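Sequential numbering of the sequence shown, starting at 120, is according to my numbering.
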Amino acid sequence: MTTKPVVKGASFVITHTPSLVRHGSKPVRELEKDEALLDKMLSHLRSFEDAVAYPPNQVFIGNMRPELLKEYERPWTNTKLEGAERNSPWGEILPEEEFYGWLKLSDKYNLISLEENFVAEQVKAKLEKHPLITEEDLQSIGNGVNISVIEEKLASGNALPLHVNKDQLIGVIEAGHDEDKFLSAHILLENLANKASGIVAMRHSLKSFDVAPHQIDYVIGCDEEAVGDRYQRGGGNMAKSIAEHAGCINASGSDVKSFCCAPAHAISIASGLVQSGIYNNVLVIGGGCLAKLGMKYAGNMSKGMPITEDQMGAIAIVIGKDDGKSPRIRTDAFGKHNISAGSSAQAIYQALVVQPLEKLGKKITDIDKYAVELHNPDVTEPNGNGNVPRANYRTLAGMAVLKKEIDRTEMDQFEEKHGMLGFSPTQGHIASAIPFIGHAREMIMNGEIENAMFVGKGSLFLGKMTTLSDGMSFIIEKNEGVE
């Protein structure tokens with residue numbers, strides 16, 4: 120017997136990790152050319168308090184609606200919200216001291232060593248009060264090691280230093296194999312950072328909504344890390360490794376890879392698994408991408424701004440059987456970017472928006488809110504990459520003009536009514552439409568809107584295997600009750 124799939128919950132987490140910016144792909148390459156750059160970068164890192172008070176971060180974790188960003192002048196880094204909270208009903212903003220604890224408890228192979236005083240005074244002292252941390256977690260973190268042990272491991276040359284407060288050495292991560300460059304310390308740090316942030320997001324989703332860990336049947340990972348070794352690079356299953364730490368004892372899982380578009384693909388697969396009756400509850404999980412920390416640091420620094428890519432985003436979305444209240448996913452109107460579609464902006468939106476809406480007999484203007492690539496313009500504009508969401512909404516409004524649904528003079532109003540300002544960390548799979556799903560779910564259930572469409576896009580050409588782009592879209596709408 121088939122059932123309509125619904126969005127039972129969605130959690131969003133930011134891990135504020137400024138001391139890890141130096142390990143992002145772009146900073147690593149630039150620091151190899153100019154070691155003196157490190158001091159300049161460190162001077163442009165912001166505090167945890169500033170990250171919490173940053174308006175887009177409050178939107179991302181669900182404490183503010185996206186439209187409230189219009190009330191503040193750009194750049195938003197000049198605004199510090201009074202009374203901003205690190206926690207929200209859906210997630211949280213996590214400080215780097217606590218993140219190192221999550222990183223260590225994610226480490227099954229003892230690759231990470233943390234300094235003993237840092238563990239006792241910063242990590243455990245804070246995490247023991249965290250509502251998602253268990254006694255078993257605290258035992259997994261251990262008691263740490265003497266700083267001399269960390270220095271000795273670093274001297275071996277096959278390890279990376281870990282810092283806090285910008286430049287205080289507090290730990291080290293070692294390579295997983297002496298001869299396998301795909302198990303290098305740097306790659307393993309990327310993978311463990313993804314896993315740790317994903318665990319936090321998954322636990323939030325299973326604590327905040329009406330689904331218990333043991334009720335999850337399947338987990339789909341949609342992150343950007345290539346987990347594997349020299350014989351199977353990208354073999355994956357980050358999904359199952361995260362689920363292990365969230366108490367999902369009855370779940371299996373696998374990863375979906377499609378660059379930035381992976382979450383939209385994962386939602387479509389999860390919806391199909393639920394509607395077909397194969398599984399009752401499927402959890403889509405995407406941890407943060409350490410490689411993209413500081414990716415556009417130069418733009419921020421050139422404008423005298425703090426480095427805004429000092430944090431990773433993580434998402435967790437629960438798709439389940441119709442409960443009569445949660446927004447339904449329209450499985451009869453998924454949009455997909457066919458190989459024959461072409462890669463112009465107009466061709467992509469024809470495939471992802473116009474065609475699925477025509478299946479339902481709907482116009483572009485019949486969708487209350489569109490979620491597109493929701494990159495934060497505080498990151499992209501200073502680097503010369505423009506306002507990504509605005510460019511997408513202008514294209515979509517142009518399509519509505521061509522279809523004579525609106526007049527050309529109404530294009531600005533279209534963006535105002537059907538769009539939103541970008542607020543997401545710029546890690547591709549995190550920013551691609553998905554950050555609005557928590558807001559959309561709540562707005563639909565509160566009667567503020569009837570429906571929302573999520574338009575995810577990806578850049579397959581980055582892998583040098585094809586010149587194609589990619590895209591998937593889906594619609595969620597008000598639940599009229601169990602049929």
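C-beta atoms are modelled at their ideal positions from N, C-alpha and C, and glycine is treated no differently. The structure displayed is predicted, hence computed values, not measured ones.
Assignment of His364 by DSSP, reduced to helix, strand and coil, places it in the coil class. Rounded to the nearest angstrom, the gap between the Cα atoms of Arg509 and Gly405 is 25 Å. Spanning the alpha carbons of Phe453 and Lys523 requires a straight line of approximately 24 Å. Cβ-Cβ separation between Gly503 and Gly418: approximately 7 Å, consistent with a contact (criterion under 8 Å).
The Cβ atoms of Ala370 and Val338 sit closer than 7 Å to each other.
In this structure, the CA atom of Ile549 is about 22 Å from the CA atom of Ile486. Taking a C-beta distance under 7 Å as the contact criterion, Met591 and Lys488 do not qualify as a contact pair.
Scanning its chain for C-beta atoms nearer than 6 Å, with the 5 sequence neighbours on each side dropped, one finds around Ser377 the residues His384, Gly577 and Asp589, in chain order. The segment 138-158 makes no contact with the segment 177-193: fewer than 3 CB pairs, one atom from each, lie closer than 8 Å. Spatial neighbours of Met431 in its own chain (CB-CB distance under 6 Å, excluding positions within 5 residues in sequence) are listed in chain order as Thr134, Ser316 and Gly407. Only residues of its own chain outside the window of five on either side were considered, and among them Ile292, Glu293, Gly295 and Leu307 have a CB closer than 7 Å to the CB of Leu230, listed in chain order. In the DSSP assignment, the residues bridged to Lys576 are Gly590. Secondary structure note for Asp497: its alpha helix (DSSP H) is the uninterrupted segment Pro496 to Thr499. In the DSSP annotation of this structure, the continuous segment of the beta strand (DSSP E) that includes Met431 starts and ends at Gln430 to Lys440.
Where Lys223 is concerned, the enclosing alpha helix (DSSP H) starts and stops at Glu215 to Leu224. With distances taken between CA atoms, Ile289 lies nearest to Ser267 out of Ser267, Asp531 and Val491. Within its own chain, the residues whose Cβ lies closer than 7 Å to the Cβ of His364, once the five positions on either side in sequence are excluded, are Ser225 and Ile318, listed in chain order. CA-CA distance, Tyr173 to Thr198, rounds to 7 Å. A direct Cα-Cα distance of roughly 39 Å separates Lys300 from Val178.
Membership of Tyr337 in the beta strand (DSSP E) is indicated by the continuous run Tyr337 to Gly340. For Gly391, the enclosing alpha helix (DSSP H) has its first and last residue at Ala381 to Gln394. Annotation for Lys159: the continuous alpha helix (DSSP H) segment containing it runs Leu156 to Ser162. Secondary structure note for Thr514: its alpha helix (DSSP H) is the uninterrupted segment Val507 to Leu521.
Taking one beta carbon from each stretch, the segment 201-212 and the segment 229-244 have fewer than 3 pairs nearer than 8 Å; the two do not touch.
Taking Ser462 as reference, the option from Ala358, Leu587 and Tyr512 with the minimal CA-CA separation is Leu587.
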